[in-house]
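First up is the structure itself, then whatever we jot down about it.
In this note's numbering, the protein residues as written are -1 to 108.
Right, dumping it as structure tokens:
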């Protein structure tokens, strides 16, 4: 397990940028959808906490599921960043999301 954040930048690993982008993109939906599935009001700190737990779980299980992959603190950081971006997108589109959900609930999908 690598505990040095962004160690891959200095190690010259060629796919570093790709991995960072994929880790961010992977958790954007989580940050966007979390406020929609929780009964209690969600704020940015909640999203950071829950995305951290999700990411930590993935990193702990990763070596057991796929022996090739290893755990990395950079993955946790970038996953949390993705969750935060997703939540910010949710806040930006919240009026539209609420309108869509209301229409779906009322059966008016046109």
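Cβ coordinates follow ideal geometry from the N, Cα and C atoms, glycine included.
Just list the residues that DSSP pairs residue 70 with in beta bridges. For the purposes of this step, residue 70 is taken as residue 72 along the chain shown, with counting starting at 1. DSSP output for residue 70 lists 0 as bridge partner(s).
Contact check, residue 21 vs residue 76 under 8 Å by CB: the rounded distance? Numbered from 1 along the chain shown, position 23 holds the residue referred to as residue 21. Numbered from 1 along the chain shown, position 78 holds the residue referred to as residue 76. Yes, residue 21 and residue 76 are in contact; Cβ-Cβ is about 4 Å, under 8 Å.
Within 8 Å, strictly: CB atoms of residue 28 and residue 65: Within the chain shown, the letter at position 30 stands for residue 28. Within the chain shown, the letter at position 67 stands for residue 65. No. Outside cutoff.
Where do the ends of the alpha helix (DSSP H) carrying residue 15 lie? Counted from its first residue, the chain shown places residue 15 at position 17. Per DSSP, residue 15 belongs to the alpha helix (DSSP H) from 14 to 35.
Minimum C-alpha distance to residue 51 - residue among 84, 78 and 61: Counted from its first residue, the chain shown places residue 51 at position 53. Closest by alpha carbon: 78.
Return the chain-ordered list of same chain residues with a C-beta closer than 8 Å to the C-beta of residue 26, the five sequence neighbours on each side being excluded. The count along the chain shown starts at 1 and reaches residue 26 at position 28. Sequence-distant partners of residue 26 (beyond 5 residues in either direction) whose C-beta falls short of 8 Å from its own C-beta, in its chain, are 80, 81, 83, 84 and 87.
Helix, strand or coil for residue 80? Go by DSSP, reduced to three states. Locating residue 80 in the chain shown gives position 82, where the first residue counts as 1. Correct three-state label for residue 80: helix.
Beta-carbon spacing of residue 53, residue 70 below 8 Å: Numbered from its first residue, the chain shown carries residue 53 at position 55. Numbered from its first residue, the chain shown carries residue 70 at position 72. No, Cβ-Cβ distance for residue 53 and residue 70 is not below 8 Å.
Would residue 48 and residue 34 be called neighbours here (beta carbons separated by less than 8 Å)? The sequence position of residue 48 within the chain shown is 50, counting from 1. The sequence position of residue 34 within the chain shown is 36, counting from 1. No, they are not a contact pair.
Where do the ends of the alpha helix (DSSP H) carrying residue 64 lie? As a first step, residue 64 must be located in the chain shown, where it is residue number 66. Neither: residue 64 is in no alpha helix (DSSP H) and is coded neither H nor E.
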